[in-house]
Amino acid sequence: MAEKVRVRFAPSPTGGLHLGGVRTVLYNYLFARQQGGDFVLRIEDTDQSRYVPGAEEYIYECLQWCGLQPDESPQAGGPYAPYRQSERKELYRQYAEFLVQEGKAYYAFDRPEELESMRERFKTAENPSPQYDHKVRQQMRNSCALTFEETERLLADGVPHVIRIRMPENETVTFTDMIRGEVSFNTGLVDDKVLLKADGMPTYHLAVVVDDYLMKITHAFRGEEWLPSSPVHILLWKYLGWSAQMPQWAHLPLILKPDGNGKLSKRDGDRLGFPVFAMNWTTRKEDGSTELTKGFREMGFLPEAFINMLAMLGWNDGTDQELFTLDELIEKFSIDRVHKGGAKFDFEKAKWFNHEWIKRSEAGSLKSEVRKAMELQGISITDETKLETVIALVKERCTLIPDFVDQARFFFETPEQWDLAAIKPKWNEAKQAFFTDVINYLQQQTSWVPTELEQGFKELAAAKQIKPGDVLLPLRIMLVGGKFGPGVFEIAGIIGKDETVNRIKRVLEQL
Ligand code: GLU
């Protein structure tokens, strides 16, 4: 029987979730669902100095907003709990000690000033920041350079120490990446990474391998920025005797700045005026001040559009199709169609996806978000049915959720201002008289049906020998306030007789 697919998203809770992170979640999720596998969320919080309160809750909220719920997580639990690495602390030391016994890792007692002096001593023009590797190893205070007795004594004395991997001097580590194909590294270029820190916490490198093994992860999809760490991980899998269980790797391409020049950063978003995080994130600075980074959600993106857009940043199904539901993505997604090269982020395209998704969405499903946006602007909505009708009528005109505020406000409130400048130049007595007749006509109506109103309005214009085209724009401005909005008689139909008559009167008084 084939092994059950198990994938994981393993974020470190250090801040808001970059859209690249959400895309990693998405590709993991799609693969798991398609293969009938499990999707695990593991919180990698071993670096306590980078831990940011609230970041873990943000991740849960974000996955929930996107509809990409994990099967196993610190919240949901699962057969391999705990899923928060800080709670697994005690588990990792044995593996690090095993590696020391095997000669694949060593104790290092170097103090910060000794590390600093090493960097000074070995600095050259070609190598301005020397790393802790096979070139310097023998000259440092570690169990490779010290005698067995010295090492034992330091350990017995409780001298603070870390455990480092002993990277071979000149070996080639090769693996097959599901996106990149065969990838090779020379181990001599990689430093002796710390595996276990002086406080007993594992580093990411040890913890990720141990947990992927213990949690029976079969496929590890992660951002390309982790590719340089892969030789360390591959060797750890080998040294721990787990090569046969090693997951298949896929390093996902970077999401690039709009001009293609480097990785898209939070700063690019601030500079160019678009979100880079999934949801709003507030950074608390040391001086007590806060900084808000805008998110796609708060900017008015629908999760369906956000997900769809992310899926297409680096993948397509081989056709021209761009709009996909989550179910379609689950069906069509394939890791070998993920591009090797980075994907340029295009905010206009992102908005296009949202516009398309707003058009596709049922008015009812947009209701709560639209209501929130309107209430934020002080427009109170009491009539749910009316709201739904209005949404259906104006959604074609909205790209982001806040666009509904302008497009729908006049259905719920009398305009405060009218674009009289657009009426006045062509205004005359005949039109004034015509609109007075329109008021009478409207007041006599016992039914209130848009098509009938339109017909009545046109007949009245014909009787006065006025071209309907000449009075439709004024009517629109009277009802809406400006030159926009859906069909003017549909608007009249929704706002009702009294309000229609009232608005026409108000404008006539000002002309
Ligand atoms: N904790 C790593 C991160 O923050 C996970 C990398 C991986 O998936 O191996 O991205």
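For the sequence shown, this note's numbering assigns the number 40 to the initial residue and increments by one for each residue that follows.
Using N, Cα and C, we set each Cβ at its ideal position, and we do this for glycine too.
Residue nearest to residue i in terms of C-alpha spacing, selected from the options
i       : options                               : result
Ser-182 : Tyr-145, Glu-210 and Val-175          : Tyr-145
Asp-445 : Glu-468, Lys-465, Met-254 and Gln-416 : Gln-416
Lys-463 : Val-510, Glu-491 and Asn-479          : Val-510
Val-91  : Pro-50, Val-61 and Ser-268            : Pro-50
Lys-305 : Gly-197, Leu-56 and Gly-220           : Leu-56
Ser-380 : Glu-264, Thr-257 and Leu-481          : It should be noted that the sequence gives Gly, not Ser, for residue 380. The option with the nearest alpha carbon to Gly-380 is Glu-264.
Pro-118 : Gln-87, Gly-334, Leu-107 and Phe-78   : Phe-78
Ala-94  : Trp-320, Ile-533, Glu-408 and Lys-506 : Trp-320
Ile-294 : Leu-352, Leu-234 and Pro-113          : Leu-352
Asp-149 : Met-179, Ser-125, Lys-128 and Ala-135 : Met-179
Tyr-568 : Ala-283, Phe-260, Arg-261 and Leu-499 : The requested residue 568 does not occur in the structure, where the chain is confined to residues 40 to 550.
Thr-215 : Trp-396, Ala-195, Ala-259 and Glu-367 : Ala-259
Glu-42  : Phe-316, Leu-274, Asn-209 and Gln-287 : Gln-287
Leu-80  : Arg-545, Asp-250 and Phe-473          : Asp-250
Asp-366 : Phe-70, Leu-58 and Thr-63             : Phe-70
Ile-505 : Asp-476, Glu-491 and Thr-490          : Asp-476
Asp-385 : Ile-397, Glu-455, Ala-531 and Leu-349 : Leu-349
Leu-426 : Thr-226, Ile-533 and Arg-160          : Ile-533
Ile-369 : Asn-355, Met-217 and Arg-176          : Asn-355
Ile-420 : Lys-128, Lys-406, Ala-431 and Ala-500 : Lys-406
Thr-364 : Arg-376, Pro-507 and Glu-395          : Glu-395
Pro-292 : Ile-374, Phe-48 and Glu-153           : Ile-374
Ser-269 : Glu-111, Ser-223 and Phe-451          : Ser-223
Glu-208 : Gly-308, Glu-188, Pro-169 and Asp-231 : Asp-231
Glu-401 : Asp-422, Leu-432 and Phe-372          : Leu-432
Arg-47  : Val-546, Lys-411 and Glu-111          : Glu-111
Gln-482 : Pro-454, Ile-440 and Arg-542          : Arg-542
Gly-54  : Tyr-97, Gly-521, Pro-507 and Lys-296  : Tyr-97
Met-517 : Leu-550, Ala-501 and Gly-239          : Leu-550
Residue i burial status per 10 Å Cβ neighbour count (16 or more: buried)
i       : result
Gly-142 : exposed
Arg-310 : exposed
Ser-156 : exposed
Thr-424 : exposed
Gln-360 : exposed
Pro-314 : buried
Asp-537 : exposed
Pro-199 : exposed
Trp-466 : exposed
Leu-341 : buried
Val-271 : buried
His-290 : buried
Leu-228 : exposed
Pro-525 : buried
Val-201 : buried
Val-233 : buried
Leu-194 : exposed
Thr-490 : exposed
Pro-241 : buried
Ala-164 : exposed
Arg-192 : exposed
Lys-470 : buried
Leu-331 : exposed
Lys-434 : buried
Residues sharing a beta bridge with residue i, DSSP
i       : result
Ser-112 : Gly-116
Asn-322 : Reading off the sequence, residue 322 comes out as Thr, not Asn. Beta-bridge pairing links Thr-322 to Glu-330.
Lys-371 : None; Lys-371 has no bridge partner.
Asp-77  : Arg-45
Val-233 : Arg-203
Trp-281 : Partner(s): none; Trp-281 has no beta bridge.
Gly-59  : DSSP output for Gly-59 lists no bridge partner at all.
Leu-295 : Lys-302 and Lys-383
Gln-360 : Note: Gln-360 sits in no beta bridge, so no partner.
Arg-123 : Ile-82
Pro-289 : Checking the sequence, you will find Ala at residue 289 rather than Pro. Ala-289 is bridged to Phe-260.
Pro-241 : Leu-235
Phe-316 : His-57 and Gly-334
Val-377 : Trp-354
Of all the alpha helix (DSSP H) runs that stay within the bounds of the stretch 145–231, which reach a length of 4 or more residues? Listed in chain order, the complete alpha helix (DSSP H) runs (minimum 4 residues) inside the stretch 145–231 are 151–160 and 187–195.
- Every unbroken alpha helix (DSSP H) inside the stretch 387–444 [4 residues or more]: Within the stretch 387–444, the complete alpha helix (DSSP H) runs of at least 4 residues are 402–415 and 423–433.
Enumerate, from N- to C-terminal direction, the unbroken beta strand (DSSP E) stretches of 3 or more residues contained entirely within the stretch 443–493. Qualifying beta strand (DSSP E) stretches: none in this window.
message: My parser needs the alpha helix (DSSP H) runs of 4 or more residues fully inside the stretch 489–543; what are they?
response: Whole alpha helix (DSSP H) segments, 4+ residues: 489–502, 507–519 and 527–534.
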